[in-house]
Amino acid sequence: MELKLDDKGLIAAIVQDVKDGTVLMLGYMNPESFKLTQETGSVWFYSRSRQELWNKGATSGNKLIVKEMYIDCDKDAVLVKAEPMGPTCHTGNRSCFFTPVELK
């Protein structure tokens, strides 16, 4: 599958809980982490800060088990529907999206 990568060779990857649709996190994939996610059934990212592949939950045990994957119409974003094996956020929260923004 041809992906439209950014200038760093990455594509945004949104992870959503397959059971209830909660958006769990946003990460980035390169072609290798995308392929590993397809092939292993576990979500892989490319860590921009560490400049290396990252298997989500490999250290914490809070893996994301892939159930479905979709590419958006522009082929520049991935949606991964997954079953979380614990909290997704490094803070211990279920989702990384827990800080409300006040609307004006």
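Residue 1 is where the sequence shown starts when you use full-length UniProt numbering, and the numbers rise one by one after that.
Just so you know, even glycine gets a beta-carbon here, dropped at the ideal spot from N, CA and C.
For Glu-68, no alpha helix (DSSP H) run applies; the uninterrupted beta strand (DSSP E) run containing it begins and ends at 64-71, by DSSP. The closest CA to that of Leu-79, considering only Tyr-70, Gly-86, Leu-53 and Ile-65, is found on Tyr-70. With a cutoff of 8 Å on beta-carbon distance, Ile-65 and Glu-39 are scored as not near each other.
Inter-residue distance for Lys-67 and Phe-45 is about 16 Å (C-alpha atoms, whole angstroms). Here the alpha carbons of Lys-8 and Asp-20 stand approximately 32 Å from one another.
Our two residues, Thr-22 and Phe-97, have alpha carbons roughly 9 Å apart in a direct line. In the DSSP assignment, Leu-103 falls outside any beta strand (DSSP E) and carries neither an H nor an E.
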